[in-house]
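Numbering follows the working numbering, with no gaps: position 255 of the sequence shown is 259.
What follows is a set of notes on a single structure, which appears directly below.
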Amino acid sequence: MIVVMIPTYNESQNIPLLIEELLGLKLELHILVVDDCSPDGTYKIVEEYSKRNNFVHLLLRKNKRGRGSAGVDGFKKALEMGAEIIIEMDADFSHPTRYIPILIEALKDVDVVFASRLVKGGGEVNRSFGRVAVTKGANLLTRTIMRYPIHDCTAGYRLFRKKVLEKIELDSLSAEGPAIVGEVLYRIIREGFKVREVPYIYEDRRFGQSSLRASILFDCLKWLIKLKFRQLFIDREKFQKAQKFYSENPPESAENPWSPRS
Ligand SMILES: Nc1nc2c(ncn2[C@@H]2O[C@H](COP(=O)(O)OP(=O)(O)OP(=O)(O)O)[C@@H](O)[C@H]2O)c(=O)[nH]1
Ligand SMILES: [Mg+2]
């Protein structure tokens, strides 16, 4: 079973179109939407779908809020559902669904696949110069500080084998906001899982408001420093082992079969 886990907050315009696109891929994907009682009623739309279609599922969180714990609860639910492969993606069409078949194919001999804007063939369209600069700057900083073997460290468009989510101790993840993407990445690399990057073209959100604020960037920076300390002092041995593994088996990136939509 493949479960697509999508955290949502105020995505009522995007979510019906995204569900239709995912069902239209005809890959028998189970769609799990994790919504925090969005004031715009996103969950009601998903609930209606779930009554009519066994492949659509809603995890409604009544007393919790935040991208961080929504992702964690979604991963746990996906495992409970019996997922062998879990796809994590945003609801706003920034992560185009047309890549899903090639991403699944790319997972065949690795444990985690990262859709990546920062390998040959990847990129971003319809975004401001400033926003692209934020992506590049954040990734340069993360790679330099953490010495990860991949290029795109900040996008939450990724595929995991079940064993990865079982190993990374979901219960002890604690980032509340989008910094969760980095916290999960840290654990993947620490455990030395086999990974691959597949290029994709990120598109700006189709409908709705961006939730990016200076406070979010600041929180991500705080998390980066915290994780560096963990890497140096708590997980040192594990990272040394992982780094040796990655230097002997550098993650390859798949060929890009797609071209940007202008
Ligand atoms: N359940 C839940 N989902 C959230 C929350 N905040 C954001 N999300 C979802 O997480 C995904 C990523 O959030 P975005 O707002 O797109 O953040 P971003 O991609 O960094 O920035 P923009 O696309 O520029 O807005 C989207 O599908 C959001 O709907 C939250 O508090 N709870
Ligand atoms: Mg987005």
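Glycine included, each C-beta is placed from N, C-alpha and C at the ideal position.
What's the gap between the Cα of Trp-262 and the Cα of Tyr-103? Reliability of the predicted coordinates at Trp-262 is poor, the pLDDT of 38 falling under 50, and the value obtained from them is presented with this limitation in mind. Linking Trp-262 to Tyr-103 through their CA atoms gives a straight-line distance of about 8 angstroms.
State the DSSP-derived secondary structure class of Ala-82, mapped to helix, strand or coil. Correct three-state label for Ala-82: helix.
What does a CB cutoff of less than 6 angstroms around Pro-153 pick up in its chain, not counting 5 residues either side in sequence? The residues are Tyr-250 and Pro-255.
Sub-8 angstroms separation of Ser-120 and Asp-94 beta-carbons: No.
Please report the Cβ distance between Ala-87 and Ile-6, rounded to the nearest whole angstrom; I am assuming they are in contact, meaning their Cβ atoms lie under 8 angstroms. The beta-carbon distance between Ala-87 and Ile-6, rounded to whole angstroms, is 7 angstroms. This is short enough to meet the 8 angstroms contact definition.
Through-space distance from Val-38 to Ile-220, alpha-carbon basis: Whole-angstrom Cα-Cα distance: 20 angstroms.
Grouping DSSP H, G and I as helix and E and B as strand, with all else coil, what is Gly-196? The DSSP-derived three-state label of Gly-196 is coil.
Quick one: using the 10 Å Cβ neighbour count with 16 as the cut-off for buried, is Asp-113 buried or exposed? Classification for Asp-113: exposed.
Taking the alpha helix (DSSP H) that Val-168 falls in, what are its first and last residues? In the DSSP assignment, Val-168 falls within the alpha helix (DSSP H) that extends over 166-171.
Looking only at C-alpha atoms, which of Ile-10, Lys-230, Asp-223 and Pro-20 sits nearest to Lys-80? By alpha-carbon distance to Lys-80, the top candidate from Ile-10, Lys-230, Asp-223 and Pro-20 is Ile-10.
Check whether the Cβ of Asp-40 sits closer than 7 angstroms to any heavy atom of ligand 2, and report yes or no. At a threshold of 7 angstroms, Asp-40 does not count as near ligand 2, since its beta carbon sits no closer than that to any of the ligand's heavy atoms.
Go ahead and label Pro-182 buried or exposed: buried means 16 or more other beta carbons lie within 10 angstroms of its beta carbon, across all protein chains shown. Classification of Pro-182: buried, given that the 10 Å Cβ count is 16 or more.
Is Pro-11 a contact residue of ligand 1, with contact defined as CB to any heavy atom under 7 angstroms? Ligand 1 approaches Pro-11 closely enough that one of its heavy atoms is under 7 angstroms from the residue's Cβ.
Suppose the cutoff is 6 angstroms on Cβ atoms and the five residues either side in sequence are ignored; what does the same chain contact list for Gly-75 look like? Within the same chain, and ignoring the five residues on either side of Gly-75 in sequence, the residues whose Cβ sits closer than 6 angstroms to its Cβ are Pro-11 and Ile-184.
Using only the alpha-carbon positions, how far apart do Ala-142 and Leu-228 sit? Spanning the two alpha carbons is a distance of roughly 10 angstroms.
Take the Cβ of Phe-197 as the centre, count every other Cβ of all protein chains shown within 10 Å, and call the residue buried at 16 or more, exposed below. Phe-197 is buried by the Cβ-count criterion.
Residues near Thr-139 in its chain [Cβ-Cβ closer than 7 angstroms; skip 5 each side]: So the qualifying residues of the chain are Arg-121, Glu-128 and Thr-158.
Cβ of Asp-113 within 7 angstroms of any heavy atom in ligand 2? Result no, Cβ not under 7 angstroms from ligand 2.
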